[in-house]
Amino acid sequence: MELTKEKLLDMYKTMVRIRTFEMKAAELFAAGKLPGFVHLYAGEEAVATGVCANLTDKDYITSTHRGHGHLIAKGGKIDLMMAELFGRTTGYCKGKGGSMHIADVDLGILGANGIVGAGQPIATGAGFACKYKKTNNVAVCFFGDGASNRGTFHESLNMASIWKLPVIFVAENNMYGISNYQKNHMNVTDIADRAAAYGIPGVTVDGNDVIAVYEAAAEAVARARKGDGPSLIECKTWRHRGHFEGDPQVYKKPEEQEAWLKKDPIPRLEAKLIELKYASQADLDAIKADVQAEVEAAVRFAESSPLPNPDDVFTDVYAD
Amino acid sequence: MAVVGIIANPASGKDIRRLVAYGTVFDNQEKVNIVRRVLLGLAATGVRQVVYMPDYYGIVPKALDGLSSQHHLSLEVNPVDMELTGTQIDSYKAAVEMNRLGVGCMIILGGDGTNRMVAKGCGEVPLVPVSTGTNNVFPEMVEGTIAGLAAGVVAGGRYCGSLAVHPTKKIHIYKNGAPVDIALIDAVVLKDTFIGSRAVWDAGRIRQVLVTQGEPHNIGISSIAGNLEPVGIQERRGLVVEFGEGGITLKAPIAPGLIQPVKVRSHRTVEIEEVVSVAEVPCVIALDGEREVEVKEGDTASFRLTFDGPRVVDIKLALREAVARGYSREEQVTRL
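If you read the protein sequences in the order shown, they are chains A and B. Per this note's numbering: the first sequence = residues 1 to 320. Per this note's numbering: the second sequence = residues 321 to 656.
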């Protein structure tokens, strides 16, 4: 599979943008500036980036409570996202949704979701719409290992498989459902195994290698666009932060932490870019500086935006 | 006392060839079922001790856990002492440790890639490779019970001699003059830049192949050799194939369900100990079906064919020999 220098550098910038946004969110949350909970995606950037690099604005994604990375990778605007985290009227949900409810239908982002496993039937429905309307678009459903235990997962895979819907189910197996180690909440370790029960392809890839994720997603997306039905891609990864900001993470072992930090997807891609002479360290530093400036600008935008009025609680409740 | 090692790779049979070809999702519960039957086979031959590679799924403990009470095993089953990495290195480390412990035989559940890792560490210990991977030329499609019986008679030595164990060939990979890896079946030069998702499925990217064996009934890249000029497992030669315009086009099953036309420019026999230079650099070299070695602009790479691969049990021969020596008889019978 060909992957151009431009595409790789673009994916690198996306990964850095996600990481920078998340670390800024961590800092702001610790400072008490964000009014709601945040669940950060740091460490898992290669998954959203590698998958969404195969999509267009006309394709759909559904996200999770840990959704910032998916939204940024799909083209979500970070100033509007940051304003939403701050609860401001300029945010994606006019400040009423917060981190876990950001959506941008124009970009095919059908929403982050505070309910574990709730994105799966939504993506299946979006896939049905694509097929029914013959649009040649696809729907991608991001979810975690814990969500693959939910009834929605099994119902969605069943329905998508019998109707051969263009849905790519992307399991982000970060090894923990909240604080519960995967081994304690499921009797299989490879979520890809579950594809066999629904007669669809299931593959496991290194979720911290953006090139491996990109390749697998490219094939699954191409398959879906050709009308060959859904796929399940399991990406093995690990979250650098707790389940939520403030989580003391007593359930993580130090040696596990050490091993996974060595597999951080961003330095891995940096090393590859330098080895291939696609970029120098100075080039990469410049990208990081650009992104840092973008994120700082997003914070300024958010902080200078107004809070909703009490009366706004009655607006946007029902569709017109 | 005969000791047998079991290396069951929990990651085999799950790569991208489920998407790009028609590879089976080989779920780990099926590996548990196979190992359960392997253990019963081993116990029936009198093996009393088994050591196994621990893994993140717990294949062997689950196999033991699921045995019904009437099949209680008189086996001591223990994991080897090793730190898990959750990568292919685990198979190598387990093989090294089992070799050090002096096991009489190792049973390997995986595909060609798993056996390649085991081959780096198993030394002279005979292998019974059981197919649970994607491209399976090195391992056999064999019922677990039979694999256990064969490994048991070989490990014990009482019922089976060395005639049932055959040597295999191997390809040594060199980069800039230094050995970097090995292959048991094929080394494939690809017009690629990245290792990425590892698997090989696009015949259009293949530039050169060296095979240790190749038959028309093989699955994977070595089937190309099989469709040109078959090379047997015991023949003292290999085959190098170069791809491109100006030769012939043939079709070969390069992955499960994926029978693709390939343009072969030339091919020739390679002798044991012969060195073959990699003609096109930069490239990625796939070993036994998995992209492993990146060769950059300015690097050199070469292959050397040898006959010092791992020793493999001929299951049919081993059991025939064991039967001839009476392993299956609990009492003397009169031949009519």
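Note that CB positions come from ideal geometry on N, CA and C, so glycine has one too.
8 Å Cβ cutoff met for residue i and residue j
i, j, result
"VAL213/A", "VAL140/A", "no"
"VAL485/B", "THR365/B", "no"
"ILE109/A", "LYS133/A", "no"
"PRO330/B", "TYR377/B", "yes"
"ALA415/B", "CYS442/B", "yes"
"LEU510/B", "ILE526/B", "yes"
"LYS489/B", "ALA621/B", "no"
"SER517/B", "VAL210/A", "no"
"ALA53/A", "LYS7/A", "yes"
"ILE178/A", "ASP145/A", "no"
"LYS164/A", "GLY95/A", "no"
"GLY431/B", "THR407/B", "no"
"GLN120/A", "SER63/A", "no"
"HIS602/B", "VAL590/B", "In the sequence as presented, His is not what sits at residue 602/B; that position holds Pro. Cβ atoms of PRO602/B and VAL590/B: not closer than 8 Å."
"LEU40/A", "GLU245/A", "yes"
"PHE143/A", "GLY117/A", "yes"
"ILE515/B", "ALA216/A", "no"
"TYR318/A", "LYS5/A", "no"
"ILE502/B", "VAL457/B", "no"
"GLY386/B", "GLY468/B", "no"
"TRP238/A", "MET175/A", "yes"
"ILE72/A", "GLU294/A", "no"
Beta-carbon proximity list for residue i, same chain, < 6 Å, skipping 5 on both sides
i, result
"GLY464/B", "ILE354, ARG357 and VAL358"
"VAL345/B", "ARG338"
"GLY649/B", "Note on residue identity: the sequence assigns Arg, not Gly, to residue 649/B. Taken in chain order, the list of residues that qualify is empty."
"ALA471/B", "VAL324, CYS425, ILE427 and VAL448"
"GLY114/A", "HIS65 and MET100"
"ALA660/B", "In the structure displayed, chain B extends from 321 to 656; residue 660/B sits before or after that span and is not available."
"TYR479/B", "VAL473, ALA642, ARG645 and TYR647"
Contact set for residue i: own chain, Cβ-Cβ below 7 Å, skip 5 residues either direction
i, result
"ALA341/B", "TRP521, ALA575, PRO576, GLY577 and LEU578"
"ASN398/B", "VAL371"
"LYS236/A", "ASN173, THR204, ASP206 and GLY207"
"ALA220/A", "ILE168, SER231 and ILE233"
"ASN419/B", "GLY441, CYS442, GLY443 and VAL445"
"PRO308/A", "THR89, LYS94, GLY95 and LYS96"
"LEU389/A", "Residue 389/A is absent from the model: chain A starts at 1 and stops at 320."
"ALA638/B", "ALA470, VAL473, VAL474, CYS480 and ALA484"
"ILE266/A", "MET15, VAL16, ARG19 and GLU45"
"HIS391/B", "LEU360"
Cβ distance (whole Å) where residue i is taken to contact residue j below 8 Å
i, j, result
"LYS542/B", "GLN533/B", "The identity of residue 542/B in the sequence shown is Ser, whereas the question assumes Lys. Contact holds; Cβ gap of about 6 Å."
"PRO630/B", "ALA439/B", "4 Å"
"GLY69/A", "GLU44/A", "6 Å"
"VAL529/B", "VAL561/B", "5 Å"
"GLU417/B", "MET437/B", "No, GLU417/B and MET437/B are not in contact; Cβ-Cβ is about 13 Å, not under 8 Å."
"GLY567/B", "SER597/B", "That belief does not hold up - the Cβ atoms of GLY567/B and SER597/B are roughly 19 Å apart, past 8 Å."
"ILE466/B", "VAL380/B", "Going by Cβ atoms, the distance from ILE466/B to VAL380/B rounds to 18 Å, so no, they are not a contact pair."
"LYS583/B", "GLY609/B", "With 8 Å as the limit, LYS583/B and GLY609/B do not qualify as a contact, their Cβ atoms being about 21 Å apart."
"THR626/B", "GLU593/B", "6 Å"
"ILE635/B", "GLU460/B", "7 Å"
C-beta neighbour in chain C for residue i, strict 8 Å
i, result
"ASP10/A", "The structure shown contains no chain C; the protein chains it does contain are A and B."
Nonlocal neighbours in the same chain, by C-beta distance under 8 Å from residue i, ignoring five residues either side
i, result
"LEU404/B", "PRO374, ASP375, TYR376 and ASP410"
"VAL138/A", "LEU55, ASP59, TYR60, GLY127, CYS130, PRO166, VAL167, ILE168, VAL221, ALA224 and ARG225"
"VAL291/A", "LYS13, VAL16, ARG17 and THR20"
"PRO248/A", "GLY242"
"LEU85/A", "ALA25, LEU28, LEU34, GLY36, VAL38, GLY91, GLY98, SER99 and ALA302"
"LEU570/B", "ILE544, ASN547, LEU548, PRO581, VAL582 and VAL584"
"GLY481/B", "GLU641"
Next item on the list: Jot down the residue ranges of each uninterrupted alpha helix (DSSP H) in the segment 1-82 of chain A, minimum 4 residues, whole runs only, in chain order.
Entry: 5-30, 45-52 and 68-73
Margin query: Going residue by residue through the segment 233-306 of chain A, where are the continuous alpha helix (DSSP H) segments of at least 4 residues, counting only ones entirely within it?
Written below: 254-261, 265-275 and 281-303
Next item on the list: Please go through the segment 87-166 of chain A and give each complete beta strand (DSSP E) segment of 3 or more residues, from N-terminal end onward.
Entry: 139-144
Check: In chain order, what residues of the segment 440-471 of chain B put their CB closer than 8 Å to some CB of chain A?
Finding: none
Next item on the list: Please name the residues in the segment 110-140 of chain A whose beta-carbon is closer than 9 Å to at least one beta-carbon of chain B, in chain order.
Entry: none
Checklist line | Any alpha helix (DSSP H) of 4 or more consecutive residues that is wholly inside the segment 438-511 of chain B | finding: 464-476
Notebook entry, point to check: Which residues, in order along the segment 543-556 of chain B, keep a beta-carbon less than 8 Å from a beta-carbon of chain A?
Noted result: none
Checklist line | the segment 496-518 of chain B: positions lying closer than 9 Å to chain A by Cβ | finding: ASP512, THR513, PHE514, ILE515, GLY516, SER517 and ARG518
Notebook entry, point to check: Of all the residues that make up the segment 251-274 of chain A, which are near chain B by a beta-carbon distance shorter than 7 Å?
Noted result: none
Margin query: Just to confirm the assignment: which complete alpha helix (DSSP H) runs, minimum length 4, are found wholly within the segment 600-645 of chain B?
Written below: 635-644
Next item on the list: Quick one: which residues of the segment 218-242 of chain A get their C-beta closer than 7 Å to a C-beta of chain B? List them in chain order.
Entry: GLU219, ALA220, ARG223 and SER231
Notebook entry, point to check: For the segment 325-346 of chain B, which residues have a beta carbon sitting closer than 9 Å to at least one beta carbon of chain A?
Noted result: PRO330, ALA331, LYS334, ASP335, ILE336, ARG337, ARG338, LEU339, VAL340, TYR342, GLY343, THR344, VAL345 and PHE346
Item checked: Under 7 Å (Cβ pairs) to chain B, residues found in the segment 163-183 of chain A -> none
Notebook entry, point to check: Hey, which unbroken runs of the beta strand (DSSP E) at 3 residues or more fall wholly within the segment 376-435 of chain B?
Noted result: 396-399 and 425-430
Notebook entry, point to check: Can you list, in chain order, the residues of the segment 352-376 of chain B whose Cβ is nearer than 7 Å to any Cβ on chain A?
Noted result: TYR376
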